[in-house]
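K.L.:
Protein chains in written order, with our numbering: chain A, 1 to 459; chain B, 1001 to 1447. No residue lacks a Cβ here, since even glycine has one placed at the ideal position from N, Cα and C. It should be emphasised that the depicted structure is a prediction, and the values quoted were computed from it without experimental measurement.
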């Protein structure tokens, strides 16, 4: 999700710049108040309400790199401040750019790697391990992980059987957001299955509102659409095989998923602006046009992960009353849960770095940020009541309830050339499919050709 | 060049004192003075070029020799081929159109009283960065006529001549007596006089309904006439309500055109009244009723400026907007140097204004025009920012140019070898144009 959002970020260079400036200001503000915090930390020692014991680290200095900006960064800094308070270490946040792996590469080449970095894709962790950058987590962190995380979330932080990553933040990418007013007017219900979804779409369409906004100008929402349908229809095993390109994109299961998708993508009247309009719609616009326009928005539903809330925040709609979400309906046997997430990885081994990883693996850290909103934790011991509203709680519940049946975003697992480049690979092929949804076989052939070239294990 | 020649001349006054060591000292001193420039030039220009060349022959990770593989990719990769094709389009059209427009502006502003003000306005886009211009034109070309000014104008002009209809998205609901027919809808069965007909449709947004619609009313039977109702069979919050019959809150389709069709010919037609009822004469008895396609024409949505077909010309348009001013200023400067008496002489000899322009002004300006075109060509070969910003993700591939492909290969796809090969190729493309410019400048100096 991180690498993907870079496209629209460029177009909002000004906003980013402003955010960076704000970040820099916050950074300097933080360093100003460090001394007071350290004093507090020494006095209170083991803070109240803590579930994790951390060593005393007075005088230790840590750098943490992540791509977060704005409110997300500010909230994360509050978590770091709590760590400082409990241990007496001094933690500096280093703002990084997408793709973070390149950013770290230049930092390491310069001999100054940050102590801990938050990496957005499993592929990036593997890369960091292969290059010898990442350091394994010690027993203390692993014990904390075992206590708080399901096996699945532990496993995607492992490379070659060794634990390297602590998944601190998760994204639930199996949600469809809808305009509650439109659903009410149309007499539509939250669907549980794909068939119900089509019925609801029909009802919305009959009421005079176009059912869906699809952000076709960005390729990544299209890959996420496909992943949800595929995971639910073909099952987790096939999903894993396709993610590793062990089965080809010409597989019948892909054909079935694309054909199912065409049930919505192929209907011009179901997409705001038709297919052509969808291809010119960028992600932020796809959200805002669903939640502006009163009774007559340009569309009733928009598919994407929990981060849609950020864009809803730009409209007057209120999450929970005007804007609601339902889990992506089951296409096959069970509803899919596609997720993303950021994992903390240690790049410079030290007692303090391991302590920070332990802290990030604890429910204490996650609870602090959960309360501040806009955040989802894969930590199963974070109480649902920590999330600020009902919608957030529902999303978190769905994520935790999926246990080990969730799957990580497939395009994030794929090589960047296939799953993460605007106008190339899977993004481009699915855009072409959206343009011409009748040609399932052609789309499959193109996907397979690009996948083979990018994975380097075919054709 | 002129300044370079002057700098090359021996410094006269200093000569007598240093006569003792004519060769030694002066060379050392010269070297000493040149050193900072050479170091800078070497570190910032020569080294990167050299390293790119080396890098273009090595593989993706940079630790092995790849031979000419990268260059082979250059001419086989589909993406790069599109980029190459687009670059040709750019090099042919962007400089010529900018120069032509600049020429026209320059010649015309010469004769207008407010010429300077006009020049200032045309030159103004040059003061904006490419990035800002890109963001501006991204909005200009926006598909939505409410946002993009290009489509707003286009749709405005179009709608003056062809109006869109009132019921663009209307369609039959569940179990409808209607079926699609040539863009409109037709009843499955024939209708008969004295039996009211129901023509329910759904899907018209309430705010799009024509003004003056009223609650739908079931038509009363009239002997010898075909009567019926056409209305929005949809109740807010309840879905269709009672299927196939007007509910209390449902509204009629005021102004819907209804045709009675017998064996493919229209025997009678009418329009629905405000409550959706209509009456057809006896001739319609036994015919099938059709709601023709003209009722359902979609609103015109303008041109797909940033779609695959038009994206490159659109971006070239943005480029011309920026650079026509630059061409104009240079040409206007050249124009100031054109001897007036030649133009006067031509006019006295009876040449028309067009002939003066065509046969005197343009030939005299030819050297300036050539410089402008060539400068713009060099500029266009490296175009990146406009394309990167204006083209939406879905058509970035269709708008691709070499510099953008270089960036994508190098920084997004992790193929620095191929990216270096592209950069070397771009350098090769620019060299002949640069040589031409240098020779031209030398000749100017000699003259």
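(1) DSSP three-state call for residue 172 of chain A: helix, strand or coil?
(2) Report buried or exposed for residue 1192 of chain B, applying the criterion of at least 16 other Cβ atoms within 10 angstroms of its Cβ.
(3) Give a yes or no on contact between the stretch 166 to 181 of chain A and the stretch 321 to 340 of chain A, applying the rule of three or more CB pairs nearer than 8 Å.
(4) Is it buried or exposed, residue 1311 of chain B, if we count other Cβ atoms within 10 angstroms and call 16 or more buried?
(5) Closest by CA to residue 1070 of chain B, which one among B/1445, B/1415, B/1434 and B/1439?
(6) Excluding sequence positions up to five away, which residues of its chain have a Cβ less than 8 Å from the Cβ of residue 18 of chain A?
(7) Determine whether the beta carbon atoms of residue 1305 of chain B and residue 1150 of chain B lie at a separation below 7 Å.
(8) Considering only residues of the same chain and omitting the five flanking positions on each side of residue 1259 of chain B, which have a CB-CB separation below 6 Å?
(9) Measure from the C-beta of residue 1313 of chain B to each C-beta in chain A and report whether the shortest distance is under 7 Å.
(10) List the whole-angstrom C-beta distance separating residue 1324 of chain B from residue 1386 of chain B, where the pair is believed to meet the contact cut-off of C-beta under 8 Å.
(11) Considering only the beta carbon of each residue, do residue 315 of chain A and residue 281 of chain A sit closer than 7 Å?
(12) Report all residues from its chain with a CB closer than 6 Å to the CB of residue 200 of chain A; omit the five preceding and five following residues, and keep chain order.
(13) What span of residues does the alpha helix (DSSP H) with residue 249 of chain A cover, start to end?
(14) What did DSSP end up calling residue 1158 of chain B once you bin it into helix, strand or coil?
(15) Keeping to the same chain, check which residues put their C-beta closer than 7 Å to that of residue 396 of chain A; ignore five residues upstream and five downstream.
(16) Just how far apart, CA to CA, sit residue 1061 of chain B and residue 206 of chain A?
(17) If you run the structure through DSSP and keep just helix, strand and coil, what is residue 419 of chain A?
(18) Enumerate in chain order the residues of its own chain whose CB-to-CB distance from residue 1186 of chain B is below 6 Å, with the five nearest sequence positions on each side excluded.
(19) Considering only the alpha carbon of each residue, which of B/1430, B/1420, B/1408 and B/1431 lies closest to residue 420 of chain A?
(20) Should the stretch 346 to 359 of chain A be called in touch with the stretch 119 to 135 of chain A, which here means at least 3 C-beta pairs below 8 Å?
(21) Is there a C-beta anywhere in chain B that falls below 7 Å from the one on residue 216 of chain A?
(22) Could you check the C-alpha separation between residue 354 of chain A and residue 55 of chain A for me, to the nearest Å?
(23) For the ligand SAH, is there any heavy atom lying closer than 6 Å to the beta carbon of residue 1043 of chain B?
(24) I'd like to confirm the pairing. Which residues does DSSP put opposite residue 179 of chain A in its beta bridges?
(25) Is the beta carbon of residue 1390 of chain B sitting closer than 7 Å to the one on residue 1093 of chain B?
(26) Quick check on DSSP: helix, strand or coil for residue 93 of chain A?
(27) Taking Cβ-Cβ distances shorter than 8 Å, what residues in chain A pair up with residue 1234 of chain B?
(28) For a contact meaning CB atoms closer than 7 Å, what does residue 1204 of chain B contact in chain A?
(29) Rounded to whole angstroms, what is the Cα-Cα separation between residue 1333 of chain B and residue 1348 of chain B?
(30) With 7 Å as the C-beta to C-beta threshold (strictly closer), list the residues of the stretch 1409 to 1436 of chain B near chain A in chain order.
(31) Checking contacts by CB at 7 Å: is residue 1394 of chain B closer than that to chain A?
(32) Going by alpha carbons, who is nearest to residue 76 of chain A out of A/165, A/169, A/148 and A/102?
(33) Span of the alpha helix (DSSP H) holding residue 1313 of chain B?
(34) Just how far apart, CA to CA, sit residue 438 of chain A and residue 1429 of chain B?
(35) Where does residue 380 of chain A fall in DSSP's three states?
(36) Can you tell me whether residue 167 of chain A is helix, strand or coil according to DSSP?
P.N.:
If we stick to the structure as given:
(1) The residue you call residue 172 of chain A lines up with position 172 of the first chain. DSSP places residue 172 of chain A in strand when its eight states are reduced to three.
(2) For this step, residue 1192 of chain B is matched to residue 192 along the second chain. Residue 1192 of chain B is exposed by the Cβ-count criterion.
(3) The stretch 166 to 181 of chain A vs the stretch 321 to 340 of chain A: in contact.
(4) One-based indexing of the second chain puts residue 1311 of chain B at position 311. By the 10 Å Cβ count, residue 1311 of chain B comes out buried.
(5) Indexing the second chain from 1 puts residue 1070 of chain B at position 70. It is B/1415 whose Cα lies nearest to the Cα of residue 1070 of chain B.
(6) Numbered from 1 along the first chain, position 18 holds the residue referred to as residue 18 of chain A. The predicted position of residue 18 of chain A is uncertain, since its pLDDT is 45 and thus under 50; a value taken from the coordinates is nonetheless stated next. Excluding positions up to five away in sequence, the list is empty.
(7) Within the second chain, the letter at position 305 stands for residue 1305 of chain B. Within the second chain, the letter at position 150 stands for residue 1150 of chain B. Note that the C-beta distance between residue 1305 of chain B and residue 1150 of chain B is below 7 Å.
(8) For this step, residue 1259 of chain B is matched to residue 259 along the second chain. Closer than 6 Å at the Cβ level, and outside the excluded window around residue 1259 of chain B, lie 1266, 1269, 1290 and 1292.
(9) As a first step, residue 1313 of chain B is located in the second chain; it is residue number 313 there, counting from the start. So, not an interface residue.
(10) Mapped onto the second chain, residue 1324 of chain B falls at position 324. Mapped onto the second chain, residue 1386 of chain B falls at position 386. No, residue 1324 of chain B and residue 1386 of chain B are not in contact; Cβ-Cβ is about 14 Å, not under 8 Å.
(11) Locating residue 315 of chain A in the first chain gives position 315, where the first residue counts as 1. Locating residue 281 of chain A in the first chain gives position 281, where the first residue counts as 1. For residue 315 of chain A and residue 281 of chain A, no; Cβs fall outside 7 Å.
(12) For the purposes of this step, residue 200 of chain A is taken as the residue at position 200 of the first chain. Cβ neighbours of residue 200 of chain A beyond the five flanking positions: 188 and 191.
(13) As a position in the first chain, residue 249 of chain A is number 249, starting the count at 1. Segment: none, residue 249 of chain A is in no alpha helix (DSSP H) and carries neither H nor E.
(14) Walking along the second chain from the start, residue 1158 of chain B turns up at place 158. Helix.
(15) To locate residue 396 of chain A, count along the first chain from 1; it is residue 396. Only 376, 384 and 387 meet the Cβ criterion.
(16) Translated into the one-based positions of the second chain, residue 1061 of chain B becomes position 61. Translated into the one-based positions of the first chain, residue 206 of chain A becomes position 206. In this structure, the straight-line span from the alpha carbon of residue 1061 of chain B to that of residue 206 of chain A is close to 56 Å.
(17) For this step, residue 419 of chain A is matched to residue 419 along the first chain. Collapsing the DSSP output to three states places residue 419 of chain A in a helix.
(18) The count along the second chain starts at 1 and reaches residue 1186 of chain B at position 186. 1288 and 1290.
(19) In the first chain, residue 420 of chain A corresponds to position 420, counting from 1. The shortest C-alpha separation from residue 420 of chain A is found at B/1408.
(20) The stretch 346 to 359 of chain A vs the stretch 119 to 135 of chain A: in contact.
(21) Here the question's residue 216 of chain A lines up with position 216 in the first chain. True, the Cβ-Cβ gap to chain B drops below 7 Å.
(22) By 1-based counting over the first chain, the position of residue 354 of chain A is 354. By 1-based counting over the first chain, the position of residue 55 of chain A is 55. Counting only the Cα atoms, residue 55 of chain A lies some 10 Å from residue 354 of chain A.
(23) Only the bare structure without any ligand can be found here, which leaves the ligand SAH out of the picture.
(24) Taking the first residue of the first chain as position 1, residue 179 of chain A is located at position 179. Residue pairing from DSSP places residue 179 of chain A in a beta bridge opposite A/323.
(25) Indexing the second chain from 1 puts residue 1390 of chain B at position 390. Indexing the second chain from 1 puts residue 1093 of chain B at position 93. The Cβ atoms of residue 1390 of chain B and residue 1093 of chain B do not sit closer than 7 Å to each other.
(26) Counting from one through the first chain, the residue named residue 93 of chain A turns up at place 93. Assignment of residue 93 of chain A by DSSP, reduced to helix, strand and coil, places it in the strand class.
(27) Looking up residue 1234 of chain B in the second chain gives position 234. Residues of chain A with a Cβ closer than 8 Å to the Cβ of residue 1234 of chain B are, in chain order, 206, 207 and 208.
(28) Along the second chain, read from residue 1 onward, the residue named residue 1204 of chain B stands at position 204. 208, listed in chain order.
(29) For the purposes of this step, residue 1333 of chain B is identified with residue 333 of the second chain, where counting begins at 1. For the purposes of this step, residue 1348 of chain B is identified with residue 348 of the second chain, where counting begins at 1. For residue 1333 of chain B and residue 1348 of chain B, the distance between alpha carbons rounds to 25 Å.
(30) Cβ contacts with chain A: 1412, 1413 and 1414.
(31) Taking the first residue of the second chain as 1, we reach residue 1394 of chain B at position 394. It does: the Cβ of residue 1394 of chain B has a partner Cβ on chain A nearer than 7 Å.
(32) By one-based count along the first chain, residue 76 of chain A stands at place 76. The shortest C-alpha separation from residue 76 of chain A is found at A/169.
(33) To locate residue 1313 of chain B, count along the second chain from 1; it is residue 313. Residue 1313 of chain B -> alpha helix (DSSP H) spans 1311 to 1336.
(34) One-based indexing of the first chain puts residue 438 of chain A at position 438. One-based indexing of the second chain puts residue 1429 of chain B at position 429. When rounded, the separation of the alpha-carbon atoms in residue 438 of chain A and residue 1429 of chain B is 42 Å.
(35) Counted from its first residue, the first chain places residue 380 of chain A at position 380. When DSSP states are grouped into helix, strand and coil, residue 380 of chain A belongs to the coil group.
(36) Here residue 167 of chain A is taken as the residue at index 167 of the first chain, counted from 1. Taken through DSSP and simplified to helix, strand or coil, residue 167 of chain A comes out as strand.
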